[in-house]
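Okay, so here's the structure we're looking at.
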Amino acid sequence: MGRPCDVMTVCLARLIRDGETVFHGVSSHMPMVATLLAKATHAPNAVHLNIPGGVDPHKPRLVSYTSAGDDLLETAEAAFPLQEVFDLSMRGGLDVAFLSGVQFDRLGSVNASVIGDYPRPKVRLPGGAGSAVLIPTAKRAIIWRTKHDRRTFCEKVDFVTARGHVSDIVTPLCAFTMYGGELILKTIHPGVSIEEIAENTAFPIRYLTLEQTPPPTDEELRALDHIDPLHTRNLEFR
Amino acid sequence: MGRPCDVMTVCLARLIRDGETVFHGVSSHMPMVATLLAKATHAPNAVHLNIPGGVDPHKPRLVSYTSAGDDLLETAEAAFPLQEVFDLSMRGGLDVAFLSGVQFDRLGSVNASVIGDYPRPKVRLPGGAGSAVLIPTAKRAIIWRTKHDRRTFCEKVDFVTARGHVSDIVTPLCAFTMYGGELILKTIHPGVSIEEIAENTAFPIRYLTLEQTPPPTDEELRALDHIDPLHTRNLEFR
Amino acid sequence: MNKRCDLDQAVRGIPDGALLGLGGNTLNRAPMAAVMEMARQKKRGLRLVKTAGGMDVDLLCYAGCVASVDAGFISYETEYSLCQHYRKAVQDGRVRANEHACYTVISALRAASFGIPFMPVRGLQISDLAAVNDYFQPVTDPFSGETLNAVKALRPDVSVIHAQLADERGNALIEGPKYDDVLLSRASRTVIVTAERIVGEEAFAASAQKADIPHFLVSAVVHVPRGASPGACAGLYGVADANLREFLGLGTPEELESWLARRVSHGQAL
Amino acid sequence: MNKRCDLDQAVRGIPDGALLGLGGNTLNRAPMAAVMEMARQKKRGLRLVKTAGGMDVDLLCYAGCVASVDAGFISYETEYSLCQHYRKAVQDGRVRANEHACYTVISALRAASFGIPFMPVRGLQISDLAAVNDYFQPVTDPFSGETLNAVKALRPDVSVIHAQLADERGNALIEGPKYDDVLLSRASRTVIVTAERIVGEEAFAASAQKADIPHFLVSAVVHVPRGASPGACAGLYGVADANLREFLGLGTPEELESWLARRVSHGQAL
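Residue numbers (the working numbering), protein chains in the order written: chain A, 1 to 238; chain B, 239 to 476; chain C, 477 to 746; chain D, 747 to 1016.
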C-alpha cells in the first residue's frame, strides 16, 4: 500500500503534465519531491520553479529545514527567483502552483490566515504565502494537506485567504478534484474506505466514478529514494 | 584658454559636489569624462552611475562609439543598471542627471523631440532619452550642448520634452544657471565676450554678477589626459 | 567613507517604531545576529516587513520589540513547526498581523523602489484579505476601465541584510539565492549590512562579480561571521539544529534574556 | 526540447505587424544579424520596442519593415551621428514615432511582465509628451488621491536578444551589461535568442553563473557568431567601423539590398 507520504507524493507528481511550469514555495517538501519525481519519470520537460530561483535544479541535495534553500539554485540551469515566478503567474504563464492551507470547503476556498475572528483571531496561522495571488492566476492550484478531518475539510472556512483555480486537493486519504465549481472525490488511496473519508469530511462526498489511487510503482519508489534519500517528503508525518 | 571641449568638461565637472549621485546616459562622452574628472579631483566620493550599471568604474577604457559600454561595468564596484538609476531618481535619490537637447528657452524648457509639428515633424530628433522623467525628478539636471546659436537658445521651444529641475546649462561660450525660474548667465568662458553670447542667444541675457569661467587648471588638464587619452570629450567638436 | 562599525552601534541607529525590512527568507540568510542585538537593546514598536519570515520575526515578537508585521508567511518550515511567539502576540492583540500575499509585499516594495505610492496587482480577485485590510484598494486602469487591486507602497526606514561579502564602504555581495534582498535594499531609506567577510576596497572592482548592493544605499557595515546562525547561510553553513531547538524550548522573558546574553554581548556575537 | 534552428527559420517565425522587442542598447549587443535577416525577408509593419536604439532601428526603417517605434532615444552615439533613415521615415509619415522616456518604455515592459495593464510613474510632470501621446494617461492613487501619470503596458509578441552563450534548449547568458534584456525576455510572449556560442546542456547547471533567460521563455536559438556586428559585443568585439561607415554611406533601396546580400545569405551570416 505504501506509506502515506509516498502515496501522496506520487499522487501529486502524477498531476504534473510534461512541459508544464510548476512552482512550490517554503514548507513544501512534499511538492518539491513530487516535482522532482515527475521530471524523473513521466514529465521530463516540466519546468521546476522555486523561491531561490533555480530553474530545473539537476541534483539538489534536499535538506530538512527548508524547501527554499540554495541547493535548489546550485545545480539549476537558469535564475528565475520568486518575484519573477509570481510575475509569470500574473501574466498567465504559470501552469501549476502547489499550495496548502488549514481549512478547505466544497467550493475550493482555502483558509491559511486565521481561525476565528480576523483582527483578533483564536489562532493566527502562518498566512497564505502565495495563495491569494497564485490561486486566482495560476492555471491550476494543487493543494496538499497531511491532515484530513472535519475541521480541515469543513462546511465553511473561517476566512477566505483565496479562491479561484484550485484544481486538486491531495490528502492522506484521497484525492479531491474540482468539478463544476465543487470539490468532488477523485480517487481513494489504497487501504482507505469511502466511509472513512465521509466521516472525516464535513461537506458531502460526491463523485462521478469511484476509483482507487494507483499505488506507487516500483519505478516511482526507486526514483523517490534516489531523489529524496533523507525522506524529507515524510517530514509532515513525523 | 584651453580647447572648448576641455573648458566645457571642466566646467561640468566642477558642478559635481562630493558625495553626490551622478548619472549620464548614451551619447554623453563629455559628461562621462566630467564625472570621472570630478571623482579624480574635488569630488572623490561622488557616485558615478551609468546605463550599463557600473557603479564607480575604477579605470574605464573609454571608447569613442558609446558612453554606455561594458568598459563602465568591467572595473566597477557594484551593479546598478539603468532601470535602477531611473528608480533612484523617481524616489528622490538622484542628485545630478546630465542631459542634452536641441532647443532651450529662458524657462529652462528642453526640446529633444521634434522641430516643427509633433505628429509630422520637419525634423525628428533622437528623443529625450531620460529627460522627461529625470528633469522633473533629479535634484539637479545639468545640460551640456556644444552648439550655441539662436536656434538652440531660442525664444520658445517647438516642443517641451521636459521642464523641471534644470539647474545649469554649459555651452562652448558660457555657463547658464537657473535663478528664480529663469535662465541667467553665470560665467563666460575664457576668450568669449558677452556680446558674442547675446548675439547667439534669442532670449535676453541677464546676470547677477559677470564672471569668467576659471580656465582648466594644470591638474585638471593632466587628469583629463589620464582619464580620456583618446579625447572622446572632443567628439562633438570634430 | 568607511562605514564599518560594531553591531551594537549599527543596531542603535534603528529607532523605536521604525518600519524595518529584514533580508533572507525563513531560515535562510536572515540577519539573526542583528535581530538578537535588537532584542538585547529592547527595541520597541518595530514594524517588520518581510515576504516570508521565521525565527527573526518570532524572536522579535518574543522580546516585545514588535508593533506590526507585514508579511505573506510567518513560520518555521516543516521541521521546526510554527512561530509560537508571533502567533501568541497576534492572538493577544499585542502585534498587528498585516497579512499579505508574499507577492503583495514584493509589490509594495517595488512601489517604494519606483517612487510611486501604489502598485497595481493581478491576483487577490477572490480573497477576504482585500476586504479587511486597508492597504489594498481597488484602482481603475485608465486605458481600459478595468478594475484591479492596488497595494500601498511600503518604504522601510531601514533594512538589515546579511551578506557573505562586503567592503568597508558598504558594497555587498550576496552569494546563492538573493531572495528579495536586492529589491529591499532599493526600497528602503537606508540599509545596514552584516557580512560574513569584509573584503578589500579593490575587491569588487577587480572581480567579474559585482556587488549587489551599492555602497551609496548603505549606512553601516558590520563584520559578523555566522551572522545568520542559527539559520543557514548559502555556501557557508546550514541550520544550527541544537541552538535552534534550544531557542524553541524557551518560554519566559527571563529565559530569552539569558539565552541572548549567552549569544551576544554588547554587539559582539559570542 | 532542442530549439536550435537557423537564422532564416527563426526570423520567419516573426509575423508582419508584430510588436517586436530588440535587445541591447544603441550599438551595444543589438541583434544585428537577426535585424539584417528581417530586412532580407522584407518584413512589413513591425512595431519596434526599445529603450535606446540605433543601427537596428535605422536599418529596419531603411528597409521599409517598420510601422512604428516605441523608444526613448533613437540615434547612433556621438561618433556616427543621427539615424537618418529613421528620421526621414518619421518625417515622411511612413513610420510613427511613439516617443517615450527610456524609463516609460521600461515601465511599459514592467507592466507587461507583471501582468498589469499600466504602470504608474513619477516623472512626466512637465512634458508635452504626456499631452500628445495616448499611451500616457493620468491615474489617481487610491490611497492619497494624488494624480500621477500611467504608462500603458507594452507586451512584445516576440523579442530578439543577442547573448554570448546559450544552450540548445534556450537558456541564455548575457555577459557584461544586460541593459533591459532580462526585463524584455519576461515582458514578451516569446523570445528568439541569437548567441555567439552554443554550450552543452549541462553547462549552466555545472556553473555558478546561471542563465539570465530561462529556456521556457524562449522559442528559438540560433548560433550566430558576431551576431551583434557591426555593433559591439561585450568581451568579444567592438564596433566594426569600416562596415558601419559603409552602411552609413548607402542611399538607395538597391544599395541596401546588395549590402545585405553581401552580409547574409538565406539566414547564414557570411
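Even glycine gets a Cβ: it sits at the ideal position worked out from N, Cα and C.
Buried or exposed, going by whether 16 or more other CB atoms sit within 10 Å of the CB of residue 747 of chain D? Burial call: exposed.
Drop a sphere of 10 angstroms on the beta-carbon of residue 341 of chain B, count the other beta-carbons inside from all chains shown, and report buried for 16 or more, exposed for fewer.
-> Note on residue 341 of chain B: 16 or more other CB atoms within 10 angstroms of its CB, so buried under the neighbour-count rule.
Subject >> Residue from C/669, C/674 and C/654 whose Cα sits closest to the Cα of residue 695 of chain C >> reply: C/669
### Message
Let me check understanding here. Comparing Cα to Cα, which of A/152, A/27, A/40 and A/25 lies closest to residue 224 of chain A?
### Response
A/40
### Message
By alpha-carbon positions, which one of A/5, A/109 and A/237 ends up nearest to residue 167 of chain A?
### Response
A/109
**Request:** Run the CB neighbour count on residue 788 of chain D, radius 10 Å, all protein chains shown included, and call it buried at 16 or more, exposed below.
**Result:** exposed
Can you tell me where the alpha helix (DSSP H) with residue 9 of chain A in it begins and where it stops?
Where residue 9 of chain A is concerned, the enclosing alpha helix (DSSP H) stretches over 4 to 14.
### Query
What number of angstroms, rounded off, separates the C-alpha of residue 249 of chain B from the C-alpha of residue 378 of chain B?
Spanning the alpha carbons of residue 249 of chain B and residue 378 of chain B requires a straight line of approximately 15 Å.
- In terms of alpha-carbon separation, which member of A/106, A/125 and A/2 lies closest to residue 114 of chain A? A/125
task = My understanding is that residue 496 of chain C touches residue 535 of chain C, with C-beta atoms under 8 Å, so please give their C-beta distance in whole angstroms.
result = 13 Å between Cβ atoms; not a contact.
Going by DSSP in three states, residue 83 of chain A sits in which element: helix, strand or coil? helix
*Can we say the segment 331 to 339 of chain B touches the segment 809 to 821 of chain D, given the rule of at least three CB pairs closer than 8 Å?*
no
Minimum length 4: unbroken alpha helix (DSSP H) runs contained in the segment 929 to 1005 of chain D: 949 to 952 and 987 to 994
| task | Please report how far the alpha carbon of residue 665 of chain C lies from the alpha carbon of residue 237 of chain A, in whole angstroms. | result | Approximately 44 Å, taken between the alpha carbons.
contact_flag[the segment 905 to 923 of chain D, the segment 874 to 887 of chain D] where n(CB pairs < 8 Å) is 3 or more:
no
TODO: May I ask you to check if the CB of residue 138 of chain A is nearer than 7 Å to at least one heavy atom of the ligand PLP?
DONE: Absent from the structure shown: the ligand PLP. Ligands present: none.
Query raised in the report: Does the distance from the C-beta atom of residue 240 of chain A to that of residue 174 of chain A stay below 8 Å?
Result: Because chain A in this structure spans residues 1 to 238, residue 240 of chain A falls outside the shown range and cannot be described.
Notebook entry, point to check: Using the beta-carbon count (16 or more within 10 Å), is residue 628 of chain C buried or exposed?
Noted result: buried
Suppose only complete runs of 3+ residues qualify. What are the beta strand (DSSP E) ranges in the segment 277 to 340 of chain B, listed by chain order? Within the segment 277 to 340 of chain B, the complete beta strand (DSSP E) runs of at least 3 residues are 285 to 287 and 334 to 337.
Could you tell me if residue 436 of chain B is buried or exposed, where buried requires 16 or more neighbouring beta carbons within 10 angstroms of its beta carbon?
Here residue 436 of chain B is exposed, its C-beta having fewer than 16 other C-beta atoms within 10 Å.
* Can you tell me whether DSSP reads residue 443 of chain B as helix, strand or coil? -> coil
I need the straight-line Cα distance from residue 911 of chain D to residue 284 of chain B, nearest angstrom please. 35 Å
For this session: Return the Cβ separation of residue 494 of chain C and residue 522 of chain C in integer angstroms, given the expectation that the two are a contact with Cβ distance under 8 Å.
Result: With a Cβ gap of about 6 Å, residue 494 of chain C and residue 522 of chain C count as contacting.
Self-check item: Where the alpha helix (DSSP H) containing residue 126 of chain A begins and where it ends
Solution: Neither: residue 126 of chain A is in no alpha helix (DSSP H) and is coded neither H nor E.
| task | Could you please tell me which residues of the segment 687 to 713 of chain C, in chain order, have their CB closer than 8 Å to any CB of chain B? | result | 687, 688, 689, 690, 691 and 692
Checklist entry - Within the 8 Å Cβ cut-off, does residue 943 of chain D reach chain A? => result no
Exercise. List in chain order: all unbroken alpha helix (DSSP H) runs of 4+ residues lying wholly within the segment 121 to 194 of chain A.
Key: 131 to 137
Identify the contact partners of residue 754 of chain C in chain A, using a Cβ-Cβ distance below 7 Å as the criterion.
Beyond the ends of chain C as shown, which are 477 and 746, falls residue 754 of chain C; an answer cannot be given.
Cβ atoms of residue 81 of chain A and residue 653 of chain C: under 8 Å apart, would you say? yes
- Below-8 Å beta-carbon distance, residue 285 of chain B vs any chain C residue: yes
**Item:** Where the segment 76 to 105 of chain A meets chain E: residues whose CB sits under 7 Å from a CB there
**Value:** The structure shown contains no chain E; its protein chains are A, B, C and D.
Quiz prompt | Residue interval of the beta strand (DSSP E) (run including residue 790 of chain D) | solution = Looking at the DSSP string, residue 790 of chain D is not in any beta strand (DSSP E), and its letter there is neither H nor E.
inquiry  = With DSSP as the reference, identify every bridge partner of residue 217 of chain A, one or two as the case may be.
reply    = BP columns for residue 217 of chain A are empty, so no partner.
*asked:* Tell me the rounded alpha-carbon separation between residue 193 of chain A and residue 152 of chain A.
replied: 19 Å
Check: In three-state terms, what does DSSP make of residue 542 of chain C?
Finding: strand
How big is the Cα-Cα spacing for residue 385 of chain B and residue 247 of chain B? 14 Å
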